[in-house]
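Structure, as structure tokens:
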Amino acid sequence: MQGRQPAASPSTALHAAILKCGSEVNIQHNALLVMYTKCGHVYSALRVFREINEKDYISWNSMLSCYVQNSLYAEAIKFIAEMFQGGFQPDNACIVSLCSAVGHLGWLINGREVHAYAIKKLLDTDTQVGNTLMDMYMKCQYTEYSTHVFERMRIKDHISWTTIITCYARSSQHFEALEKFREARKEGIKVDPMMIGSIIEACSGLKTSLLAKQLHSFAIRNDLLDLVLKNRILDIYGQCGEVYHSLRMFETVEEKDIVTWTSMINCYANSGLLNEAVALFAEMQNTDIQPDSVALVSILGAVADLSSLAKGKEVHGFLIRRNFLMEGATVSSLVDMYSGCGSMSNALKVFNGAKCKDVVLWTAMINAAGMHGYGKQAIDLFKRMVETGVAPDHVSFLALLYACSHSKLVDEGKCYLDMMETMYRLEPWQEHYACVVDLLGRSGKTEDAYEFIKSMPLEPKSVVWCALLGACRIHKTHELAMVAADKLLELEPDNPGNYVLVSNIFAEMGKWSNAKEVKAKISERGLRKDPACSWIEIGNNVHTFTARDHTHRDAERIHLKLAEITEKLRKEGGYIEDTRFVLHDVSEEEKVDVLHRHSERLAIAFGLISTHPGTPLRITKNLRVCGDCHEFTKLASKLFEREIVVRDANRFHHFRAGSCSCGDFW
DNA sequence: TTAGGGTTAG
1 MQGRQPAASP STALHAAILK CGSEVNIQHN ALLVMYTKCG HVYSALRVFR EINEKDYISW
61 NSMLSCYVQN SLYAEAIKFI AEMFQGGFQP DNACIVSLCS AVGHLGWLIN GREVHAYAIK
121 KLLDTDTQVG NTLMDMYMKC QYTEYSTHVF ERMRIKDHIS WTTIITCYAR SSQHFEALEK
181 FREARKEGIK VDPMMIGSII EACSGLKTSL LAKQLHSFAI RNDLLDLVLK NRILDIYGQC
241 GEVYHSLRMF ETVEEKDIVT WTSMINCYAN SGLLNEAVAL FAEMQNTDIQ PDSVALVSIL
301 GAVADLSSLA KGKEVHGFLI RRNFLMEGAT VSSLVDMYSG CGSMSNALKV FNGAKCKDVV
361 LWTAMINAAG MHGYGKQAID LFKRMVETGV APDHVSFLAL LYACSHSKLV DEGKCYLDMM
421 ETMYRLEPWQ EHYACVVDLL GRSGKTEDAY EFIKSMPLEP KSVVWCALLG ACRIHKTHEL
481 AMVAADKLLE LEPDNPGNYV LVSNIFAEMG KWSNAKEVKA KISERGLRKD PACSWIEIGN
541 NVHTFTARDH THRDAERIHL KLAEITEKLR KEGGYIEDTR FVLHDVSEEE KVDVLHRHSE
601 RLAIAFGLIS THPGTPLRIT KNLRVCGDCH EFTKLASKLF EREIVVRDAN RFHHFRAGSC
661 SCGDFW
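Quick note: the first sequence uses the UniProt record's numbering, first residue 1, plus one each step.
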């Protein structure tokens with residue numbers, strides 16, 4: 001069980017000593033039961049329990065608590081029936097354990113039955129019962145019931161206040177959480193590390209590192225910083241984008257445990273510092289701390305984002321050597337990692353090897369097929385998943401719709417959107433609608449896409465307008481593009497990518513002053529856009545390039561190679577630069593020069609000089625690949641006889657012998 | 001005999 005101290009060794013000597021002491025028989029047995037509970041020896045505890053002839057409330061409640069403390073929640077609930085049969089009716093202690101079990105399972109219906117029983121027996125006024133009822137409703141995601149219980153409690157202790165603050169924080173009612181914390185302080189309620197932990201959770205939702213810093217100082221001043229709280233604060237700083245503060249916290253934690261390391265790795269990974277995440281994972285292996293499945297899932301995510309197949313295989317090897325179970329999050333992350341690193345064959349191998357396939361694993365594989373342009377295969381996987389009795393959820397439909405979208409399967413996409421609503425009663429999210437808009441729009445039906453948006457039962461959000469705008473750009477339906485652009489900038493004025501997209505459309509229309517005006521808003525609003533960059537893994541190193549990059553130690557050779565490649569493509573492949581993809585108001589000559597130095601071309605050139613002939617090149621780009629680079633890469637794959645796998649911000653392109661797996665639809 | 005905490009997956 002997480003957070004629990006390691007189980008102590010059961011002591012046969014202690015067992016004997018307890019039996020020898022002169023107390024009554026059931027007191028001896030109850031003491032034994034507690035000992036076995038703490039040692040995690042549930043079956044020994046059960047044996048002792050069965051031996052008790054005159055079971056009292058303490059015997060029954062101790063056995064129930066034994067199940068709960070050892071995470072056997074369903075067994076705990078089953079045990080209640082036995083308790084009733086034994087003639088004992090649940091008291092406060094029993095309700096408390098039962099609520100804990102129900103909460104962990106998230107079984108709301110049982111929880112309401114327990115609550116009704118507590119009210120009937122007038123046990124709900126007890127503070128501990130109230131606290132566990134609140135916690136139970138929170139875990140069942142019914143925080144409004146938690147609030148109701150809190151308001152009815154006559155005596156509230158610091159646990160009651162901490163629980164209600166957590167309820168608000170977890171249900172995104174951040175200001176209510178802050179208000180309750182203020183009230184608790186005003187009431188003079190004791191503040192402990194767990195209360196700080198609960199209120200600091202609201203900071204990540206509000207993305208306010210200022211408040212996190214205030215709470216951090218408060219905890220220091222009041223000597224409340226234990227390891228769990230330090231880890232929580234480290235994590236929250238990361239979620240607020242304060243990598244520096246996370247790192248400072250990480251460095252000051254002397255007694256770092258696996259959670260400290262994993263939180264720091266995640267902080268790096270979520271801030272895009274993928275190489276730092278991988279380096280930290282390597283550093284952890286030089287300590288006494290052993291990676292657990294959570295740490296491995298985290299690093300697999302970072303490796304997938306980095307597209308580092310070599311590192312991914314290292315982690316996979318590590319998992320096998322350490323006998324980690326190939327199930328749950330671990331196996332889904334492996335599939336996702338191989339897919340993200342461009343290796344569909346390995347993703348499929350891991351997927352096929354998994355004995356138990358849950359909805360997450362199926363979805364990972366559907367997503368992998370979709371991203372790589374195998375739309376029909378994604379649909380086939382979906383059908384197989386349903387046939388095996390696994391019900392699809394929102395995310396599986398999203399993966400399926402993306403797969404349809406990447407493979408231009410218009411009718412299938414519309415059919416699956418309909419299926420999720422009618423057959424599975426799943427209300428589509430904005431992202432599902434955006435997928436269909438993308439599918440209709442990019443296949444040339446921009447007006448249909450607009451009509452579809454108008455028919456949506458939800459108010460369309462930025463993601464939907466963004467899909468329409470992207471499609472309008474491809475098909476040059478500029479009038480409709482302006483409608484989408486206005487909506488997009490109105491709904492999401494702080495996303496620099498939107499201004500770039502809108503500016504590019506103005507540039508394509510030749511409206512250079514409008515293009516400049518829109519772009520200028522990025523700096524006016526104090527926003528920063530990510531520069532385009534591409535990277536390639538050679539051996540054990542990831543080499544990153546930005547456009548016109550001269551910082552690489554082999555820059556001169558790379559640029560010379562690129563010039564040679566371009567010349568060869570022109571002469572032998574008939575390559576002619578398509579300067580429509582350069583959206584700067586510069587001369588034609590300069591436009592050609594801009595194209596020549598796009599970051600993915602530098603990565604291709606470096607790949608060609610750093611690997612043996614015939615070796616596939618795997619390149620990752622943070623933005624979408626431009627049309628001219630797409631053509632360039634197709635020709636390069638043919639003339640240099642290389643398979644070139646490019647992962648852009650949207651999907652995979654497998655270039656072979658002059659053509660691309662996306663069929664020029666992306 | 002009884003309650004509340006941190007890192008992870010599609």
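Cβ coordinates follow ideal geometry from the N, Cα and C atoms, glycine included.
Legend entry - CA-to-CA distance, Phe-640 to Ser-534, given in whole angstroms: Approximately 20 Å between the Cα atoms of the pair.
Legend entry - Separation of Ala-347 from Ala-372, as counted between CA atoms: A small correction: the amino acid at residue 372 is His; Ala does not occupy that position in the sequence shown. Going by the C-alpha atoms only, they are around 11 Å apart.
Legend entry - Per-residue DSSP class, three states only, for Ile-536: strand
Inset, instruction - Check whether the region 517-528 touches the region 570-578, counting contact only when three or more Cβ pairs, one atom from each stretch, lie closer than 8 Å. - result: Segment contact: the region 517-528 against the region 570-578, fewer than three CB-CB distances shorter than 8 Å; contact not assigned.
Legend entry - Span separating the alpha-carbon of Arg-185 from that of Ser-523: 42 Å
Inset, instruction - Could you please give me the residues that DSSP links to Phe-49 through a beta bridge? - result: Bridge partners of Phe-49: none, in fact.
Legend entry - Whole-angstrom distance between Asn-30 and Ser-62, CA atom to CA atom: 7 Å
Legend entry - Whole alpha helix (DSSP H) elements within the region 329-415, 4-residue minimum: 344-353, 359-371, 375-387, 394-406
Inset, instruction - Report yes if the CB atom of Ala-295 is closer than 8 Å to the CB atom of Ile-258, and no otherwise. - result: yes
Inset, instruction - Note down the Cα distance separating Pro-6 from Ala-101, rounded to an integer number of angstroms. - result: Low confidence applies to Pro-6: its pLDDT is 45, below 50, so where it sits in the model is not reliable enough to give any reading.
Legend entry - Any alpha helix (DSSP H) of 4 or more consecutive residues that is wholly inside the region 126-184: 127-139, 143-152, 158-170
Legend entry - Rounded straight-line distance, which links the Cα of Ser-198 to that of Asn-650: Their Cα atoms are separated by approximately 37 Å.
Inset, instruction - Classify Asn-131 as buried or exposed, calling it buried when 16 or more other Cβ atoms lie within 10 Å of its own Cβ. - result: buried
Inset, instruction - Express the C-alpha separation of Gly-413 and His-432 in angstroms, rounding to a whole number. - result: 10 Å
Inset, instruction - Sort Ile-609, Ser-44, Tyr-57, Glu-113 by Cα distance to Ile-77 and report the nearest one. - result: Glu-113
Legend entry - 7 Å CB neighbourhood of Ser-637 in its chain, flanking five on each side removed: Glu-643, Ile-644, Phe-655, Arg-656, Ala-657, Gly-658
Legend entry - Unbroken alpha helix (DSSP H) run spanning Asn-504, endpoints: 496-508
Inset, instruction - Quick one: grab the DSSP three-state call for Lys-461. - result: coil
Legend entry - Whole alpha helix (DSSP H) elements within the region 45-130, 4-residue minimum: 57-69, 73-85, 92-105, 108-120
Inset, instruction - Taking Ser-307 and Gly-342 to be in contact with their CB atoms under 8 Å, please state how far apart those CB atoms are, rounded to whole angstroms. - result: 7 Å
Legend entry - Spatial distance of Leu-608 from Ser-263 (CA atoms): 38 Å
Inset, instruction - Drop a sphere of 10 angstroms on the beta-carbon of Pro-493, count the other beta-carbons inside from all chains shown, and report buried for 16 or more, exposed for fewer. - result: exposed
Inset, instruction - Starting from the Cα of Ile-95, find the closest Cα among His-104, Ser-71, Asp-124 and give me that residue. - result: Asp-124
Legend entry - Residue interval of the beta strand (DSSP E) (run including Val-654): The sequence shown places His at residue 654, not Val. His-654 -> beta strand (DSSP E) spans 652-656.
Inset, instruction - Count the CB pairs spanning the region 560-567 and the region 593-608 that are closer than 8 Å, and state whether there are at least three. - result: yes
Legend entry - Inter-residue Cα distance where the pair is Met-1 and Tyr-402: Residue confidence is low: Met-1 scores 32 on pLDDT, short of 50, so the model does not pin down where it sits. Its coordinate-derived value is still stated next. Going from the Cα of Met-1 to the Cα of Tyr-402 covers about 38 Å.
Legend entry - Asn-541 (DSSP reduced to helix, strand or coil): strand
Inset, instruction - Determine the burial state of Gly-3: buried for a count of at least 16 other Cβ atoms within 10 Å of its Cβ, exposed for fewer. - result: In this predicted model, Gly-3 has a pLDDT of only 33, less than 50, meaning its place in the structure is not dependable; the value taken from the coordinates is given anyway. That one is exposed.
Legend entry - Endpoints, the alpha helix (DSSP H) within which Val-646 is located: Counting along the chain, Val-646 falls outside any alpha helix (DSSP H), though it belongs to the beta strand (DSSP E) covering 644-647.
Inset, instruction - Could you tell me whether the Cβ atoms of Ile-164 and Lys-190 are closer together than 8 Å? - result: No, the Cβ-Cβ distance between Ile-164 and Lys-190 is not below 8 Å.
Legend entry - CB of Ile-453 within 8 Å of CB of Ala-481, strictly: no
Legend entry - Assigned secondary structure, Thr-566 (DSSP; H/G/I helix, E/B strand, else coil): Residue state, collapsed to three classes: helix.
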